[in-house]
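Protein chains: 2
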Amino acid sequence: MTTSRTLYSLCGSDTSRPFSPHCWKTVLSLAHKGLDFEERPLPFTVIPTVEDGFSKTVPILRDGDELVSDSFEIALYLDETYPERPSLFNGEGGKAMARFVESWSQTVLHPAIVRIAVLDIHNMLDEPDRHYFRDSRTKALGRPLEDVVANREAEIAAFPALLAPIRRMLSFQPFIGGTSPLFADYIVFGALQWARITTGLDLFADNDPVRDWFEGCLDLYDARGRSVTAA
Amino acid sequence: MTTSRTLYSLCGSDTSRPFSPHCWKTVLSLAHKGLDFEERPLPFTVIPTVEDGFSKTVPILRDGDELVSDSFEIALYLDETYPERPSLFNGEGGKAMARFVESWSQTVLHPAIVRIAVLDIHNMLDEPDRHYFRDSRTKALGRPLEDVVANREAEIAAFPALLAPIRRMLSFQPFIGGTSPLFADYIVFGALQWARITTGLDLFADNDPVRDWFEGCLDLYDARGRSVTAA
Numbered sequence: 001m002t003t004s005r006t007l008y009s010l011c012g013s014d015t016s017r018p019f020s021p022h023c024w025k026t027v028l029s030l031a032h033k034g035l036d037f038e039e040r041p042l043p044f045t046v047i048p049t050v051e052d053g054f055s056k057t058v059p060i061l062r063d064g065d066e067l068v069s070d071s072f073e074i075a076l077y078l079d080e081t082y083p084e085r086p087s088l089f090n091g092e093g094g095k096a097m098a099r100f101v102e103s104w105s106q107t108v109l110h111p112a113i114v115r116i117a118v119l120d121i122h123n124m125l126d127e128p129d130r131h132y133f134r135d136s137r138t139k140a141l142g143r144p145l146e147d148v149v150a151n152r153e154a155e156i157a158a159f160p161a162l163l164a165p166i167r168r169m170l171s172f173q174p175f176i177g178g179t180s181p182l183f184a185d186y187i188v189f190g191a192l193q194w195a196r197i198t199t200g201l202d203l204f205a206d207n208d209p210v211r212d213w214f215e216g217c218l219d220l221y222d223a224r225g226r227s228v229t230a231a
Numbered sequence: 232m233t234t235s236r237t238l239y240s241l242c243g244s245d246t247s248r249p250f251s252p253h254c255w256k257t258v259l260s261l262a263h264k265g266l267d268f269e270e271r272p273l274p275f276t277v278i279p280t281v282e283d284g285f286s287k288t289v290p291i292l293r294d295g296d297e298l299v300s301d302s303f304e305i306a307l308y309l310d311e312t313y314p315e316r317p318s319l320f321n322g323e324g325g326k327a328m329a330r331f332v333e334s335w336s337q338t339v340l341h342p343a344i345v346r347i348a349v350l351d352i353h354n355m356l357d358e359p360d361r362h363y364f365r366d367s368r369t370k371a372l373g374r375p376l377e378d379v380v381a382n383r384e385a386e387i388a389a390f391p392a393l394l395a396p397i398r399r400m401l402s403f404q405p406f407i408g409g410t411s412p413l414f415a416d417y418i419v420f421g422a423l424q425w426a427r428i429t430t431g432l433d434l435f436a437d438n439d440p441v442r443d444w445f446e447g448c449l450d451l452y453d454a455r456g457r458s459v460t461a462a
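Quick look at the structure:
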């Protein structure tokens with residue numbers, strides 16, 4: 001069966017190593033819904049040229065005649081469009097609180113991963129992406145990328161403590177979504193998968209239940225997350 | 232109408248100033264469900280003597296013949312027992328993710344509030360609670376209470392940054408529960424109400440949307456949260 005579904009994602013010079021946290025959220029969202037799709041990883045500077053410049057950022061999902069961008073919007077779209085398939089939110093409360101999980105991941109995990117991985121990400125890119133990335137991130141972060149990672153070892157050492165909320169939650173239930181994973185799990189997975197693919201570092205504590213949870217997420221849907229190896 | 236519902240909560244020497252974060256979660260949970268109850272604030276050392284030693288910690292809810300302890304268990308109990316009244320979780324996904332919100336609050340907000348408020352809390356107590364509290368908290372925290380609050384000013388200055396996940400979420404929706412508050416909101420409210428009643432400090436940023444959300448929570452259910460003033 002040919003599919004009419006295309007996920008535009010992000011890659012560096014190696015198109016077989018898509019690394020965007022947001023795109024990984026969507027990869028697992030589509031797998032969760034059991035929907036076939038073709039993934040087309042793009043370099044940063046190519047994104048604004050596809051689909052008539054529909055979005056400056058990925059993920060972008062083309063689903064037949066529909067175009068949707070933003071991983072959270074895509075998850076909402078998938079649940080609304082395919083209500084007969086497993087839900088990504090399990091109700092209105094889950095939909096609302098997934099936004100809190102996203103906000104935690106993006107205000108706590110993402111900045112810490114940037115302070116560890118930003119130069120690794122830069123080095124995965126070809127020109128002209130390197131130029132674009134260095135320029136835009138230097139402006140956004142307010143200092144040269146080399147300065148951002150100056151305390152990299154301390155950031156790595158401090159990272160496991162940031163996972164404390166997940167660690168405590170896992171003493172009650174196996175997934176953020178409860179007995180099985182939901183979009184909220186893919187949100188946090190996306191951040192850690194981004195770190196895994198770009199740095200290859202182990203950012204967990206000794207005997208960390210969060211590592212076990214993450215490994216379990218890597219195994220989901222025919223081990224889709226393992227299809228890209230750690231750096 | 233007389234009520235057969237009793238909430239055992241926590242107080243210091245002033246029984247009109249119950250301050251436990253977990254009990255405040257349950258006060259708002261009961262109000263959310265529209266259920267009448269009588270609150271009986273107890274000193275720490277009296278808790279193990281009520282209801283035949285049912286629980287060492289509050290909240291304890293007596294609901295007719297039923298006894299339930301733990302704020303999360305009580306919220307689950309209330310939704311199960313009174314399904315015709317407004318839900319505290321809005322579905323199974325909300326139930327699961329509320330556990331993540333609780334875990335975030337207890338691993339991030341609670342320890343920071345302890346480092347700010349632990350001596351204030353001690354000073355609100357009568358003997359023999361002061362002795363019990365100082366002894367148990369010194370053991371749990373591994374150092375004298377005076378040492379725990381040694382960096383109090385720095386902790387106060389650092390606190391608004393801890394609220395970043397709530398702050399970002401509020402750019403999408405007015406409550407953690409979505410368009411209206413759920414138990415997840417009462418979880419975070421409980422922590423901040425605990426800080427408000429015991430310290431009287433403003434722990435928000437300038438022009439902080441989180442302050443507006445908190446003030447809105449204080450206003451809920453005939454401003455129940457304002458019935459106890461800031462220290």
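These protein sequences, in sequence, are chains P and V. Under the working numbering, the first residue of the first sequence is numbered 1, with each subsequent residue one higher. Under the working numbering, the first residue of the second sequence is numbered 232, with each subsequent residue one higher. Where a beta carbon is used, it is the ideal one built from N, C-alpha and C, also for glycine. Note that the structure is a prediction, hence the values are computed from the model and not measured.
(request) Indicate the three-state DSSP secondary structure (helix, strand or coil) for P:Thr6 in the structure shown. (result) Start at 1 with the first residue of the first sequence, and residue 6 of chain P comes out as number 6. DSSP places P:Thr6 in strand when its eight states are reduced to three.
(request) Could you tell me whether any Cβ in chain P is nearer than 9 Å to the Cβ of V:Val441? (result) Counted from its first residue, the second sequence places residue 441 of chain V at position 210. So, not an interface residue.
(request) Run down chain P in chain order and give the residues with a C-beta less than 7 Å from the C-beta of V:Thr338. (result) To locate residue 338 of chain V, count along the second sequence from 1; it is residue 107. Result: Ala164, Pro165, Arg168.
(message) List, in chain order, every chain V residue whose beta-carbon is nearer than 8 Å to that of P:Glu92.
(response) The residue given as residue 92 of chain P occupies position 92 in the first sequence. Neighbours of P:Glu92 on chain V, chain order: Asn321, Gly322, Gly325, Gly409.
(message) Less than 9 Å between the beta carbons of P:Pro181 and P:Leu220, yes or no?
(response) Within the first sequence, residue 181 of chain P is the residue found at index 181, counting from 1. Within the first sequence, residue 220 of chain P is the residue found at index 220, counting from 1. Yes; because the gap between Cβ atoms is below 9 Å, this pair is in contact.
(request) Determine the direct distance from the alpha carbon of V:Pro314 to that of P:Ile304, and round the result to whole angstroms. (result) Lying before the first or after the last residue shown, residue 304 of chain P is absent from chain P, which here runs from 1 to 231.
(request) Could you name the residues that DSSP lists as bridge partners for P:Val68? (result) Position 68 of the first sequence holds residue 68 of chain P. Per DSSP, P:Leu61.
(request) Spell out the partners DSSP gives P:Pro41 in its beta bridges. (result) Sequence index remark: in the first sequence, residue 41 of chain P carries index 41 (1-based). P:Ser9.
(message) For a test of the three-state rule: what should DSSP assign to P:Phe159, helix, strand or coil?
(response) On the first sequence, residue 159 of chain P is found 159 positions in, with the first residue counted as 1. Note: P:Phe159 maps to helix in three-state DSSP.
(message) I'd like to know if V:Glu333 contacts chain P, where contact means its C-beta is closer than 9 Å to some C-beta of that chain.
(response) In the second sequence, the residue the question calls residue 333 of chain V occupies position 102. Yes, V:Glu333 lies at the interface with chain P (some Cβ there is under 9 Å from its Cβ).
(request) Spatial neighbours of P:Pro86 within its chain, please: CB distance less than 8 Å, with the 5 preceding and 5 following residues excluded, ordered by chain position. (result) Residue numbering aside, residue 86 of chain P sits at position 86 when the first sequence is read from its first letter. If we look at P:Pro86 and ignore the five residues flanking it on each side, its Cβ neighbours are His32, Lys33, Gly34.
(message) Can you check which of these residues, P:Arg196, P:Lys95, P:Glu127, is closest to V:Glu400 by C-alpha distance?
(response) Within the second sequence, the letter at position 169 stands for residue 400 of chain V. Just to set this straight, residue 400 of chain V is Met in the shown sequence, not Glu. Closest by alpha carbon: P:Lys95.
(message) In this structure, how does DSSP classify V:Phe445 when only helix, strand and coil are distinguished?
(response) Residue mapping note: residue 445 of chain V aligns to position 214 of the second sequence, counting from 1. If DSSP states are grouped into helix, strand and coil, V:Phe445 belongs with the helices.
(message) Any beta carbon of chain V sitting closer than 9 Å to that of P:Phe175?
(response) Position 175 of the first sequence, counted from the start, is the residue given in the question as residue 175 of chain P. Chain V contact via Cβ: present.
(request) Report the three-state DSSP secondary structure of P:Phe172 (helix, strand or coil). (result) Here residue 172 of chain P is taken as the residue at index 172 of the first sequence, counted from 1. Correct three-state label for P:Phe172: coil.
(request) Under 6 Å Cβ to Cβ from P:Glu153, same chain only, skipping five residues before and after it: list those, please. (result) Indexing the first sequence from 1 puts residue 153 of chain P at position 153. Once the five neighbours on either side are set aside, P:Glu153 has no close Cβ partner at all.
(message) Please tell me whether V:Met355 has its Cβ less than 9 Å away from any Cβ of chain P.
(response) Here residue 355 of chain V corresponds to residue number 124 of the second sequence, with the count starting at 1. Not one chain P Cβ lies under 9 Å of V:Met355.
(message) Considering just the uninterrupted stretch of the alpha helix (DSSP H) at P:Lys33, what are its terminal residues?
(response) Walking along the first sequence from the start, residue 33 of chain P turns up at place 33. Here P:Lys33 belongs to no alpha helix (DSSP H), and DSSP marks it neither H nor E.
(message) Quick check on the DSSP output: the alpha helix (DSSP H) that includes P:Pro111 runs from which residue to which?
(response) If you number the first sequence from 1, residue 111 of chain P lands on position 111. 110 to 124 is the extent of the alpha helix (DSSP H) around P:Pro111.
(message) Quick check: is the beta carbon of V:Arg330 nearer than 9 Å to any beta carbon in chain P?
(response) Numbered from 1 along the second sequence, position 99 holds the residue referred to as residue 330 of chain V. It does; some Cβ of chain P falls within 9 Å.
(message) If you measure between the beta carbons of V:Pro274 and V:Gly322, is that distance less than 9 Å?
(response) In the second sequence, counting from the first residue as 1, residue 274 of chain V sits at position 43. In the second sequence, counting from the first residue as 1, residue 322 of chain V sits at position 91. Not closer than 9 Å, so no.
(message) Contact defined as beta carbons within less than 8 Å: I believe P:Pro18 pairs with P:Ser9. What is the distance between those atoms, to the nearest angstrom?
(response) Working through the first sequence from its first residue, we reach residue 18 of chain P at position 18. Working through the first sequence from its first residue, we reach residue 9 of chain P at position 9. So it is a contact: roughly 4 Å between Cβ atoms.
(request) For P:Gly190, name the three-state secondary structure that DSSP assigns. (result) Taking the first residue of the first sequence as position 1, residue 190 of chain P is located at position 190. P:Gly190 falls in the helix class under three-state DSSP.
(request) Indicate whether the contact test is met: 3 or more Cβ pairs, each with one atom in the region 197 to 211 of chain P and one in the region 151 to 167 of chain P, closer than 8 Å. (result) yes
(message) So the candidates are P:Pro144, P:Leu7, P:Gln193, P:Asp212; which of them puts its Cα closest to the Cα of P:Ser55?
(response) Looking up residue 55 of chain P in the first sequence gives position 55. Ranking the options by Cα distance to P:Ser55, first place goes to P:Leu7.
(request) Buried or exposed for P:Pro165, please, with buried defined as at least 16 other CB atoms from any protein chain shown within 10 angstroms of its CB. (result) Sequence index remark: in the first sequence, residue 165 of chain P carries index 165 (1-based). Under this definition P:Pro165 is a buried residue.
(message) Quick check on V:Gly409: does DSSP put it in helix, strand or coil?
(response) Walking along the second sequence from the start, residue 409 of chain V turns up at place 178. Looking at V:Gly409 - three-state DSSP - the assignment turns out to be strand.
(message) Considering just the uninterrupted stretch of the alpha helix (DSSP H) at P:Thr49, what are its terminal residues?
(response) Your numbering for residue 49 of chain P matches position 49 in the first sequence. Taken as a continuous stretch (DSSP letters only), P:Thr49 belongs to no alpha helix (DSSP H), as it is neither H nor E.
(message) Quick check on the DSSP output: the alpha helix (DSSP H) that includes V:Thr369 runs from which residue to which?
(response) To locate residue 369 of chain V, count along the second sequence from 1; it is residue 138. Unbroken alpha helix (DSSP H) run through V:Thr369: 360 to 372.
(request) Could you give the DSSP three-state label for P:Thr198: helix, strand or coil? (result) Residue 198 of chain P sits at position 198 when you count from the first residue of the first sequence. Three-state DSSP puts P:Thr198 in a helix.
(request) State the Cα-Cα distance for the pair P:Glu254 and V:Asp443, rounded to the nearest angstrom. (result) Not covered by the structure: residue 254 of chain P. The range shown for chain P is 1 to 231.
(request) Taking a Cβ distance cut-off of 9 Å, strictly less, list which residues of the region 240 to 262 of chain V are near chain P, in chain order. (result) none
(message) Excluding the 5 residues flanking V:Met355 on each side, which residues of the same chain have their C-beta closer than 6 Å to its C-beta?
(response) Mapped onto the second sequence, residue 355 of chain V falls at position 124. Cβ neighbours of V:Met355 beyond the five flanking positions: Gly243.
(request) Compare the Cα-Cα distances from P:Asp65 to each of P:Phe89, P:Glu51, P:Glu127, P:Val108 and report the closest residue. (result) Reading the first sequence from its first residue, position 65 is the one you call residue 65 of chain P. Among P:Phe89, P:Glu51, P:Glu127, P:Val108, the Cα nearest to that of P:Asp65 is on P:Glu51.
(message) Would you say P:Asp184 lies against chain V (beta-carbon separation less than 9 Å)?
(response) What you label residue 184 of chain P is simply residue 184 of the first sequence in a count that begins at 1. Per the sequence shown, the amino acid found at residue 184 of chain P is Ala instead of Asp. Yes, P:Ala184 counts as interfacial toward chain V.
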